[in-house]
Structure formats: structure tokens, C-alpha cells
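A.B. asks:
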Amino acid sequence: MFTKKLKASFYKRPSIIVAPRLLGKILVHKTPEESYSGIIVEVEAYAGTDDEASHAFKGVRESNKVMFEQGGVFYVYFTYGSHFCCNVVTGKAGSGEAVLIRAVEPIGGINSMRVNRKLTDVENKKELILLGNGPGKLCQAMGISKQHNGNSLLEDTVFITEGLRIKPENICTSTRIGISRSVELPWRFYIKNNPYVSKI
DNA sequence: TACTAGATCGGCT
DNA sequence: GCCGATCTAGTAG
Numbered sequence: 058m059f060t061k062k063l064k065a066s067f068y069k070r071p072s073i074i075v076a077p078r079l080l081g082k083i084l085v086h087k088t089p090e091e092s093y094s095g096i097i098v099e100v101e102a103y104a105g106t107d108d109e110a111s112h113a114f115k116g117v118r119e120s121n122k123v124m125f126e127q128g129g130v131f132y133v134y135f136t137y138g139s140h141f142c143c144n145v146v147t148g149k150a151g152s153g154e155a156v157l158i159r160a161v162e163p164i165g166g167i168n169s170m171r172v173n174r175k176l177t178d179v180e181n182k183k184e185l186i187l188l189g190n191g192p193g194k195l196c197q198a199m200g201i202s203k204q205h206n207g208n209s210l211l212e213d214t215v216f217i218t219e220g221l222r223i224k225p226e227n228i229c230t231s232t233r234i235g236i237s238r239s240v241e242l243p244w245r246f247y248i249k250n251n252p253y254v255s256k257i
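The first sequence begins at 58 in this note's numbering and counts up by one.
Below, the structure written as C-alpha cells:
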């Protein structure tokens, strides 16, 4: 389950194709001390320069240039003064597409995740959900930050492997969260009835 | 349970 | 200055 890393060809497709296929896959972050992993349960697709809500909309900037690389790299950005959010860059070089990972179900390195999130009440089952049910939260829990911006997902620090097979009827779609432009596009995907999703 | 506001900072205008 | 692909604590009901 942890061994079959996704290949470059998986990522070199449009974000709208890649996003639902990431559900059920395993996001892994390896550090010398810990190996973090979690099942991806919620994502949002961001298209390139056509999508007003995308960071790529205004063209290449120093802050978003990673988005314009070819599919298969990690794009991490900092927002609201204190949060990191992580994306998987998809498509061909120059397209500026990415998939935002919004929530994970923790499976590996959970004790370290609790420490990172300062949720150390091991008896409290609800805290398990709070580790990764939001883009800022999962980055904090898994120790993902600016230093991972631009990392290749084909290497061994941050990568994604095969995981659960999610049936099409168990994939829900909705509009994206937390944006003010192109609000109507139904480009959020999440696993039906999964308690680790950030919002119904 | 539901809503509101504050934290906090990098990048754009 | 202002605003953001957010989170949390606080207050009210």
C-alpha cells in the first residue's frame, strides 16, 4: 500500500481529471525522524490562467512559478499570515494547473502529528479528525511547509502512492471553499460519508 | 450549535 | 494599505 508510487504520467493530465483520482491515494512525507502518511479524502481542482480563483490566473510570479512547471511537483504556499496549503501541480509545463489537497485521514506518524498540531489528548478520538480536516491543518500535522515548495513527487521526501479504490458513486462534488471568484465551478471532490472531510 | 472577529504576513495595487 | 485556496477562540442563543 505504501510502495506503489504514482508515476509522472498520472500528474501530466488536466487538474480536473487528476483531482477526483487522487481521492483514496496516500500522501507521504518522510523526514529523518518520522514518516507521515494519510489518505487523501478531499481535494479541489484549480485550472490555470482561465480560472479566476487560481493563483495562476494573473500569470507567472515569483510566488507561483512552481505551478507552471510540468505535472508532478509539489506547490506549497503561505496564506492568512500563519497557514501553509499544499497542492499537486498537474498538466503540461506552462499550464499552471494544480490540485489543492484539503483533507487527509491520518494513518502513519500520528503521534508526531498530534505533537505538531498540539493535540496530545490520546484518549480523545475526535482529535484524530482535527489533525487533517483542512488544508492548513494537514500541512501543520504532516510537517509540510515552504521548504517543500517545488519538490518533485517522484522523489522520496514528499510523494503519493496508490491506496484505496474509491467507487465513482462514493465521490461527491461541490463548489470550492474559501474563494471569492469563479465561485460557481463544481471543482471540489470528496469521499462520501468520510468523517475526515473538512465540511459536508 | 452558529456566528463573528482576531491573528498575522507576503504579495499585489 | 488591503486582502487572502485559513483556523481558532470567544460570545450569544
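Just so you know, even glycine gets a beta-carbon here, dropped at the ideal spot from N, CA and C.
Measuring alpha carbon to alpha carbon, tell me which of K82, A76 and I73 ends up nearest I222.
C.D. replies: The amino acid occupying residue 222 in the given sequence is Arg; Ile does not appear at that position. Scanning K82, A76 and I73 for the CA closest to the CA of R222 turns up K82.
A.B. asks: Suppose you measure from the CA of I167 to the CA of K61; what does that come to, to the nearest Å?
C.D. replies: 21 Å
A.B. asks: Does the beta-carbon distance from G129 to E162 come in below 8 Å?
C.D. replies: no
A.B. asks: Hey, V215 and F131: beta-carbon distance below 8 Å or not?
C.D. replies: yes
A.B. asks: Smallest Cα separation from A65: which of E109, I217 and L157?
C.D. replies: Ranking the options by Cα distance to A65, first place goes to I217.
A.B. asks: Assign S139 to one of two classes, buried (16 or more other C-beta atoms within 10 Å of its C-beta) or exposed (fewer than that).
C.D. replies: exposed
A.B. asks: P192 lies in the alpha helix (DSSP H); which residues open and close that run?
C.D. replies: P192 to M199
A.B. asks: Taking C-beta to C-beta, are E126 and A150 nearer than 8 Å?
C.D. replies: yes
A.B. asks: For E109 and G148, what's the separation of their Cα atoms in angstroms?
C.D. replies: 18 Å
A.B. asks: Going by DSSP, name the residue or residues bridged to N144.
C.D. replies: Y132 and L157
A.B. asks: Mind pulling the beta strand (DSSP E) runs of 3 or more residues that sit fully within the region 98-123?
C.D. replies: none
A.B. asks: Would you mind sorting Y275 into buried or exposed? The rule is 16 or more other CB atoms within 10 Å of its CB.
C.D. replies: The displayed coordinates of the chain run from 58 to 257. Any statement about residue 275 would go beyond what the structure contains.
A.B. asks: By DSSP, does L84 sit in helix, in strand, or in coil?
C.D. replies: strand
A.B. asks: Around the Cβ of K194, are there at least 16 other Cβ atoms within 10 angstroms (buried) or fewer (exposed)?
C.D. replies: buried
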